[in-house]
Each structure stands twice: as structure tokens, then as C-alpha cells.
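Line by line, the protein sequences are chains H and V.
Numbering of the first sequence is given in the UniProt record's numbering, commencing with residue 1 and proceeding in unit increments.
Numbering of the second sequence is given in the UniProt record's numbering, commencing with residue 1 and proceeding in unit increments.
Taking it in order: structure first as C-alpha cells, then the write-up.
There are 2 protein chains.
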Amino acid sequence: MADYKLYAFGESGNCYKVAMMLALTGTEWERLPVDYFNGETRGEAFRAINEMGEAPVLLHKGKVLSQSGVILDYLAAQTGRFGPENEDERREILRWMLFDNHKFTSYYATLRFLVGLQKSGESPVTEFLRGRAKAAFGIVDKHLAASAFLVGNRLTIADLSLAGYIFFDEETGIDLADYPNILAWRARIAAMPGWKAPYNMVPHAPKARG
Amino acid sequence: MADYKLYAFGESGNCYKVAMMLALTGTEWERLPVDYFNGETRGEAFRAINEMGEAPVLLHKGKVLSQSGVILDYLAAQTGRFGPENEDERREILRWMLFDNHKFTSYYATLRFLVGLQKSGESPVTEFLRGRAKAAFGIVDKHLAASAFLVGNRLTIADLSLAGYIFFDEETGIDLADYPNILAWRARIAAMPGWKAPYNMVPHAPKARG
């Protein structure tokens, strides 16, 4: 029986960030399914596990960890892989993870949820989100023009955090070809031993009923 | 001359988070002004200081630190105040800071920027942001029903991160009276020795010209 259990569903890039880390470190784990599209994360039972009402949640040796950034930090310490080598790097990784949560994953993931999964069509909200996402993409693309990875010129959990949603191909109305350094970085991550595409690691959540 | 220099402007709650930390720890600092409303953070000169194009930025002993969460973490270590006491607390603080960046400050600050500063009026975008902000406020309010502060039952940098924008009174269309535990928590923070209101520490940025 795997020590690590992860509440996860396939459509979630935040779950995929953690699944990538587990795959790239060769860590055995067991998936606990999440019936996201039927409201499981908004229900009382799930909120008793994570008051923030979000997946992923990692269970390990009595610990219950939520927020993908916390889980990545924890797994880096547990496995000794992809973490910081000193305090300056630790702060740089934290800086990119906070930017990811505030401006990179956040706008892009919400845009992709509306346009690519809910098929909302275009609206002032999708236009707003796309504008914000493109600004964040520009900043990351420029940074990656000068270095192969976000921090320390090697793969770290900062890359796994920001790259999570970039591997999905649902429609967003943003053409990644406009960000060649992001595409090259994504290819470098995908070439790492053990890497797998999102839905090859975590199956789709059940569709919404009726 | 103060060791700490902070690029900051009054309207920014992210700058205020750091200014509160400096005030509550009795740390001397010098402000470096930011002409935000005339585009300084979007210009090349500022991007050379912070590629993410954001304030606050802290300068200290040759270090250039951005992202309020990174700066709070750094100041907690430097001053020995309001930081974690063990690894479990460190992860809990990180968890709330990531939630803050993703869902609490992010939506609320953007809503307040549009409605309260730009006077955008109501739109599908402000409605979207307000819905998201209210969901995040509900989660924090519920958490604070059971404990005086977010982590460890004492003031930490997690509180300073999430509370930043709560002290401003520009219009957002959200009535904080709907979140009594957040109001009580805000009052507990305001009662801490050294606390000052936002514009009493950091002056307004110059108005947009033309």
C-alpha cells in the first residue's frame, strides 16, 4: 500500500502539479477520487478534510496537506528532489510560486475552466481573464529567454507549479506559440525521466449529472 | 540611514502588508516612491528591478526581494517575529499565503481596484470578482470563528498577508459586516502595539496625469 494518498481529479492542473512531482521522483502513490463536477469539493464532507474546498489534498503519515505549493514543498523535502539548495533559492522558488498563484495559474486556469471545460463562450469575464493571463505569460516567457528553468537553471518545484496547466490542451483562446520560451521549457520538462501527460496519470472526474 | 528600503505606494495593500510588518516589529525603513498610476511599474526601469512589474520591492544588504509573501518571510527571519515555530506551522503559514494570493487578496484587491479606485462601475467582471471574493471571505470567516488568528493562535505573517486589503475603505460592494469574524480579527490586529492605518504609513501615489 502506498504511503502517499492524493485526492485528485484529472481536469485539475493543480492536482497535476503534484502528480508530476510524484512521477518525476518515482514516488508510489494512490489516488483518492474527487467528484468535482458534482460538487464534492463544495460539500461538508470534503470541507472537513480541506476547509478551503480544493483539491489536491495529500495524506501522508497522519498529515493532511493542501495547496499544491505546500505539497510540492513537502515532497521536495521528503524526496530530496527539486527543492532549493539554499535560502536564496528557497525565496526565489517561493516568489515564483506566489506569482503563479496570483497571476499565472490563477487567471489561465480560470479562463480554461470557463472556455475549455464549461464552454461558456466569450464574455467580458473571459476577455478580462485572458488579458491578465497574457500579461503573466509575457513575464514568464521573458524570464525563460535567459534561463532553461525558472530558478537555479535546473528543474525545481517552481517549474512544476507554473507548468501545471500548460500541459492541458483544452481551449483557452491563448496560442502558446506566441510564447516560444514557454513552449521550449514545457518540452524540457516533458523530456524528464518519468514524465507523463495529465490524463495518463489522473483520470477525468465523472461528468456532471443531469 | 535605514537598512531597509521599500518601493511602496499607499493604495497598494500588498505594500501595506510589508509596511505593517515593519511597523509591528519596530523596524526602521525608508520608502522609495512608486509612480504607479503613471505606469512606473510597467516601465523598463522598474522591470529591471522587478521583472514581475509589481510593488512592493524590498532592498536590504544587497538583496532585492519582491512578492509581499517573500518579503514577510524574510522579515520574520530577520526580526525573529511573527514567523513559524516549527515545520508544521511553516507549512500552515505557506498554505494561507498561497490561498491569499490565489483567492483572497487577488479577487478582492482587483475588485477594489476597479470599483473603488478606477470607479469602473458595475460590470460582469466586477460581479465575477465579487462572487469569487465572497467565497474566499466565507472560508476565512469560518476559520476565524474557531481561532483568534489564522495559524497557531497568535499573530503571524499569514495574518498580515491576508489582512492587507481589509484595512482600506475604498468601495468594493462587499459589506465586511457580513463577516463578523473577519472584522473581529481585523480589530485584534489593529490593537497590536505599533499598528498604523494604511495611508498613515505610506502616502498616496501621484494621480494619473492627463
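Note that beta-carbon positions come from the ideal geometry of N, C-alpha and C, so glycine has one too.
At a Cβ-Cβ threshold of 7 Å, residue 79 (chain V) and residue 156 (chain V) do not count as neighbours.
Within chain H, the residues 91, 92, 94, 95, 98 have their CB atoms less than 9 Å from the CB of residue 70 (chain V), given in chain order.
Residue 57 (chain H): member of the beta strand (DSSP E) spanning 57 to 60, first to last residue. Under a criterion of Cβ atoms nearer than 7 Å, the residues of chain H adjacent to residue 74 (chain V) are, in order, 91. Put simply, of H:208, H:139, H:188, H:171 the residue whose alpha carbon is nearest the alpha carbon of residue 48 (chain V) is H:139.
With a threshold of 7 Å between beta carbons, residue 33 (chain H) makes no contact with chain V. Taking 7 Å as the CB threshold, residue 20 (chain V) stays off the interface with chain H. Going by DSSP, residue 32 (chain H) is part of the beta strand (DSSP E) stretching over 29 to 33.
Under the three-state reduction of DSSP output, residue 140 (chain H) falls in the helix class. Comparing alpha carbon positions, the residue from H:210, H:160, H:184, H:196 closest to residue 100 (chain H) is H:160.
Taking 7 Å as the CB threshold, residue 124 (chain V) lines the interface with chain H. The C-alpha of residue 84 (chain V) is placed about 5 Å away from the C-alpha of residue 90 (chain V). Taken through DSSP and simplified to helix, strand or coil, residue 18 (chain V) comes out as helix. Interface criterion not met: the Cβ of residue 60 (chain V) is under 7 Å from no Cβ in chain H. Residues of the stretch 195 to 208 of chain V with a C-beta less than 8 Å from any C-beta of chain H: none at all.
The Cβ of residue 12 (chain H) sits no closer than 7 Å to any Cβ of chain V.
Residue pairing for residue 65 (chain H): DSSP places it in a beta bridge opposite H:58.
Between residue 95 (chain V) and residue 70 (chain H), the beta carbon gap of about 5 Å places them in contact (Cβ cut-off 8 Å). Between residue 30 (chain V) and residue 63 (chain V), the C-beta spacing is not below 7 Å. By the 16-neighbour rule on beta-carbons within 10 angstroms, residue 117 (chain V) is exposed.
Measuring C-alpha to C-alpha distances from residue 176 (chain V) to each of V:61, V:81, V:58, V:108 identifies V:108 as the nearest.
For residue 158 (chain V), the number of other beta carbons within 10 angstroms of its own is at least 16, and it is reported as buried. In the three-state DSSP reduction, residue 76 (chain H) falls in the helix class (H, G or I). Residues of the stretch 152 to 171 of chain V that bring their beta carbon within less than 7 Å of a beta carbon in chain H are absent altogether. At a cut-off of 7 Å between C-beta atoms, residue 67 (chain H) counts as an interface residue with respect to chain V. With respect to the 7 Å criterion, residue 7 (chain H) and residue 34 (chain H) are classified as neighbours on the basis of their beta carbons.
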